[in-house]
Amino acid sequence: MNSDLTKLFEMQQVDAEIARLAAEVAALPKRVTLIESQLASSKEKVEKAKATIKADEVARRKYEGDIQSHQEKIAKFRDQSSAVKTNDQFKALLQEISFAEKAIRELEDKILETMELSEKKNTAVKEAEGLLKTESVAVEKEKSEARARTAKDEAELKLLREKRDKLRVGIDEKLLAHYERIFKHRGYALVEAREQRCTGCQVMLRPQVFNELMNDIVHTCDSCSRILFYDPANAEPEKEVKTKARGGKSSSVALERSWVYLSNRSANGIFAVLTNAKGSCSLRIYDATSGRSLEPIQRVKGQIYQKAFSEYVTEGRPLFVDEIPDLDSIAKEELPAGLLAELQSQVPDRNRTVEGTQ
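In structure tokens form, the structure reads like this:
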């Protein structure tokens, strides 16, 4: 491989790790803020519960004061009853005593009700305080781990940036500037040219360009502008399938198939397989987490998938599959576990959307 491309290939791996660590460092303070906010919310709930208990105590003392006031009235009315001279006056005093006694019973009921509620609230507050103490310990532990992780990530970032600075030395300036511009917008800038295709966007390359790549001449893809390289170790003979031609004779037809990953088509991302065969093309879509088929197979006659499903070609991250199962039977409903794991291993960051790597 061209020496500049060798350095850029290593730089791309370094840049990808720098982007991952930088994103993690940026996310950790937000995580700490979130858990602190959750802890503050729990503390606020406990304080509000304590405040209601105090309010119940104030209400209970007021009820007790009102009872005492009614008891004094009853004592006063009874003292007056011995001095009344008519039955009407006596009945009026008895009625006042009855009203006061009824008010006392109602206040005593309220006191009992308040005491029962306060008892339950006290129990709930004690449980909440216990949980809050446990939560506080967990939060402090998580904050400590976040600080340690941040320090470790920043130390690794420092080393990676130093390594990147060393790799930059000696690379053609125009090629380096092109790499940095494409990496910034697409997430990765250096891709392999395989089977006369750009594996970044799956667009076919001109034969002359592919031949020059095989001879270590640097080219960029006309479609996605990524820098191309050729690895002879990955060169494979074109796969063929047998079909029946007119007259019953068998003939060979080139079979083209691409696997891609897209993060913006569902919550979990998707694996899509695009196939050209027998004068038509097809598209199958699977959930990137469970491997289940998400939609019925889409077929388009008289077209190749590079045109019929061009958005998948240009937006998707290319994946590579060594052994392809029978998609119409084995993978009709879901991807086999082994194949799913193979695809997932190629997209370890599939839960993290990065601009340009869709």
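First residue of the sequence shown: 1255, per this note's numbering; consecutive thereafter. Don't be surprised by glycine CBs; every beta carbon is placed ideally from N, CA and C.
Query, Result
"Put V1608 into one of helix, strand or coil per three-state DSSP.", "Low confidence applies to V1608: its pLDDT is 36, below 50, so where it sits in the model is not reliable, and the reading given next is rough at best. V1608: coil per DSSP, three-state reduction."
"From V1286 to V1279, what does the alpha carbon distance come to, in whole angstroms?", "11 angstroms"
"Is it a yes or a no for the stretch 1428 to 1445 touching the stretch 1403 to 1417, going by three-plus beta-carbon pairs under 8 angstroms?", "no"
"Would DSSP call P1486 helix, strand or coil?", "helix"
"How about the stretch 1294 to 1310 and the stretch 1395 to 1403: do they share at least three Cβ pairs that are nearer than 8 angstroms?", "no"
"Run through DSSP, which three-state label would F1525 get?", "strand"
"With V1514 and G1570 assumed to form a contact (beta carbons below 8 angstroms), what rounded beta-carbon distance in angstroms separates them?", "3 angstroms"
"Taking the alpha-carbon of A1294 as reference, which of E1373, K1387, D1363 has the nearest alpha-carbon?", "K1387"
"For a quick check, are the C-beta atoms of E1446 and F1483 less than 7 angstroms apart?", "yes"
"Within 10 angstroms of its Cβ, does N1488 collect 16 or more other Cβ (buried), or is it exposed?", "exposed"
"Going by other Cβ atoms of all chains shown within 10 Å of its Cβ, with 16 needed for buried, is K1261 buried or exposed?", "buried"
"Excluding the five sequence neighbours on either side, which residues of its own chain have a C-beta within less than 6 angstroms of the C-beta of F1263, listed in chain order?", "L1444"
"Note down, in chain order, each residue of its chain lying with its Cβ closer than 8 angstroms to the Cβ of T1368, except the 5 sequence neighbours on either side.", "D1310, A1313, R1314, Y1317"
"Should N1522 be labelled buried (16 or more other beta-carbon atoms within 10 Å of its own) or exposed?", "exposed"
"Compare the C-alpha of R1519 against each of L1259, A1378, A1542 and name the closest.", "A1542"
"My output table needs one value for V1507: the three-state DSSP class, helix, strand or coil.", "Only weak support is given to the placement of V1507: the predicted model assigns it a pLDDT of 35, under 50, and the question is left unresolved by the model."
"Residues in the same chain with beta-carbon distance under 6 angstroms from K1555, minus the five sequence neighbours each way, listed in chain order, please.", "S1534"
"If you count every other CB in all the chains shown that lies within 10 Å of the CB of V1507, and 16 or more means buried, which is it?", "Low local confidence applies: a pLDDT of 35 at V1507 is under 50, so the model's placement there is unreliable, with the coordinate-based value given in what follows. By the 10 Å Cβ count, V1507 comes out exposed."
"Does the stretch 1573 to 1592 come close enough to the stretch 1546 to 1561 to have 3 or more Cβ pairs within less than 8 angstroms?", "yes"
"Starting from the C-beta of L1361, find all residues in its chain whose C-beta is less than 7 angstroms away, skip the five residues before and the five after it, and write them out in chain order.", "Y1317, D1320, I1321"
"Mind checking whether T1568 and C1455 have CB atoms under 7 angstroms apart?", "yes"
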